[in-house]
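Each remark here refers to the structure printed beneath this line.
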Amino acid sequence: MALLGQYMTSSKTGRCTDAALDALLRLRPAKRWSDKIGQNSVLEPRRFGRRPGLFSEKLYGAYGRSGLMRSVELSPTVKDAVLRSLKSMYGGLDKGSMAAAQRVGLGGKVDNWAWPASGDGSSSGTTEHILACHIGTRLFEIKYSHAACRTSAADDMIAACHLSYYCAYLVAATPGLLPDSPAWTDKRYKEVVVDVQAALGKDDDGASESTTQRYERLRRELSATTRDEVLQRGAKLGSRLVEAYAENEAAAWRFLADFWSEMVLFVAPSKNVKGHVEAMGRGGEFVTLVWALLLHAGVTDRTGTRDGTGVP
255 MALLGQYMTS SKTGRCTDAA LDALLRLRPA KRWSDKIGQN SVLEPRRFGR RPGLFSEKLY
315 GAYGRSGLMR SVELSPTVKD AVLRSLKSMY GGLDKGSMAA AQRVGLGGKV DNWAWPASGD
375 GSSSGTTEHI LACHIGTRLF EIKYSHAACR TSAADDMIAA CHLSYYCAYL VAATPGLLPD
435 SPAWTDKRYK EVVVDVQAAL GKDDDGASES TTQRYERLRR ELSATTRDEV LQRGAKLGSR
495 LVEAYAENEA AAWRFLADFW SEMVLFVAPS KNVKGHVEAM GRGGEFVTLV WALLLHAGVT
555 DRTGTRDGTG VP
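Residue numbers for the sequence shown follow the working numbering, beginning at 255 and rising by one.
Structure, rendered in structure tokens:
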């Protein structure tokens, strides 16, 4: 309805809006949005995985890899975090300045938290950045989640963790909705998962260790020079979080909630209309709802990125 309204009230519509409207009009009735988001943990792939069986096979046949991963209810705290970031990024802009926002790319936490350059001077893709930051967030969660549950930071922790797991889910299950090449994203994700298994083996839930002991063990094993660069960067980011926020965990969770909210807002704008329409046909993705919202606001792509990689 938002797209139709924009089309009827605007004398000039872009190709992306035209294509999106055309695809939606051709779409067969979609399944009802379940108000859930998929979850995936790179360090603990079994944590959100469905048990093997006929039911899982049917889900895989109907939904692809996303059918093998569990979902959680879209928490009001997640919605609040995304809306807070949306207002921060675009809330003060009128239509005349919206193009400027597109040109400068995404500001705030995503720009400032480790878009590290590789050895040849080029920046890594969005996929690797999501995976590294997801690992860093999970390491911080392992060390401090129990303490946060008993404080006012609990809502920010839920938002940060749910969105971190959701972005890892997008990498694994719906690479076509992300900025990088879907084939490369899928290949890179598989490489990282294989190296996680080589580094950690069948890591248990840490029941026999304290949270600090488990954090230190995982950080040490992921930091080994023989490990994939994404794992090393993730371990380093986790260490940086612990060092920077050792005395103020609540501030860390607010930082991470804002970071992952901005990440979702960053990856959502896309010209891959077909991919988002297909997602609607499967019942929808949260990132597709954000895509439609930004499209209605006039944000259609990541024009502020370099080399088409999706990196500001």
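All C-beta atoms, glycine included, are put in the ideal place defined by N, C-alpha and C.
Taking the alpha carbon of residue i as the point to measure from, which residue in the options has its own alpha carbon closest?
i	options	result
tyrosine 398	Val541, Val531, Leu549, Ala505	Ala505
glutamate 470	Glu483, Ser406, Lys490	Lys490
glutamate 483	Trp514, Asp512, Arg442	Arg442
glycine 455	Ala437, Ser524, Thr542, Glu475	Glu475
methionine 534	Asp440, Arg473, Glu503, Leu431	Leu431
leucine 495	Asp512, Pro429, Phe394, Cys421	Phe394
leucine 519	Lys528, Ala551, Thr465, Glu532	Ala551
threonine 466	Asp440, Leu547, Ser493	Ser493
aspartate 410	Ile384, Trp545, Thr391, Leu485	Thr391
tyrosine 450	Ser329, Ile389, Pro429	Reading off the sequence shown, one finds valine at residue 450, where the question assumed tyrosine. The shortest Cα separation from valine 450 among Ser329, Ile389, Pro429 belongs to Ile389.
aspartate 418	Glu516, Val527, Lys525	In the sequence as displayed, the identity of residue 418 is serine instead of aspartate. Comparing Cα-Cα distances from serine 418 to each of Glu516, Val527, Lys525, the minimum goes to Glu516.
glycine 538	Ser406, Ser325, Gln486, Ser477	Ser325
valine 541	Ser435, Arg468, Ser477, Ala427	Ala427
valine 447	Gln293, Pro299, Lys290, Ile291	Pro299
tyrosine 423	Ala408, Asp440, Ser435	Asp440
glutamine 486	Ala522, Leu543, Cys387	Cys387
proline 567	Ile396, Arg481, His400, Gly379	This structure cannot settle anything about residue 567, because the visible part of the chain is limited to 255 through 566.
arginine 481	Glu327, Lys290, Ala452, Asp334	Ala452
leucine 385	His400, Cys421, Val332, Ser339	Cys421
lysine 444	Thr381, Thr331, Ser477, Tyr499	Thr381
lysine 525	Lys333, Val544, Asp555	Asp555
histidine 400	Glu503, Met323, Glu532, Asp334	Glu503
serine 339	Gln293, Gly292, Asp512, Ala498	Asp512
glycine 488	Pro429, Gln293, Ser477	Ser477
alanine 522	Glu532, Val544, Arg536, Lys528	Val544
arginine 468	Ile396, Lys290, Glu532	Ile396
valine 332	Val527, Tyr344, Lys290	Lys290
Flag residue i as yes when its Cβ comes closer than 7 Å to any non-hydrogen atom of the ligand FMN, and as no otherwise.
i	result
serine 477	No copy of the ligand FMN occurs in the structure displayed, which carries no ligand at all.
Count the other CB atoms, across all protein chains shown, that sit within 10 Å of the CB of residue i; report buried if there are 16 or more and exposed otherwise.
i	result
lysine 312	At lysine 312, the pLDDT of 37 sits below 50, so the modelled position is not reliable and the matter cannot be decided from this model.
leucine 549	buried
glutamate 501	exposed
valine 425	buried
tryptophan 514	buried
serine 288	exposed
tryptophan 438	exposed
arginine 473	buried
histidine 530	buried
threonine 479	exposed
valine 553	buried
valine 296	buried
serine 462	exposed
histidine 567	Since the first and last residues shown for the chain are 255 and 566, residue 567 lies out of range.
alanine 546	buried
proline 433	buried
glycine 318	Its pLDDT being 41, under 50, glycine 318 is placed unreliably in this model, and the coordinates cannot settle the point.
serine 464	exposed
alanine 407	buried
proline 330	exposed
alanine 498	exposed
Could you tell me which residues DSSP puts in a beta bridge with residue i?
i	result
serine 295	For serine 295, which the question treats as bridged, DSSP gives no partner whatsoever.
lysine 441	The partner list for lysine 441 (beta bridge, DSSP) is empty, contrary to what the question assumes.
lysine 290	Glu327
What span of residues does the beta strand (DSSP E) with residue i cover, start to end?
i	result
serine 464	Segment: none, serine 464 is in no beta strand (DSSP E) and carries neither H nor E.
methionine 325	Looking at the sequence itself, residue 325 is serine, so the reference to methionine does not match. Start and end: 325-327.
Can you tell me where the alpha helix (DSSP H) with residue i in it begins and where it stops?
i	result
valine 553	It is not in any alpha helix (DSSP H) - valine 553 carries neither H nor E in the DSSP assignment.
serine 342	330-344
serine 524	Premise fails: serine 524 is in no alpha helix (DSSP H) and is neither H nor E.
alanine 408	408-427
arginine 494	483-498
Checklist entry - Taking one C-beta from the segment 413-422 and one from the segment 507-518 each time, how about it: are there three or more such pairs within less than 8 Å? => result yes
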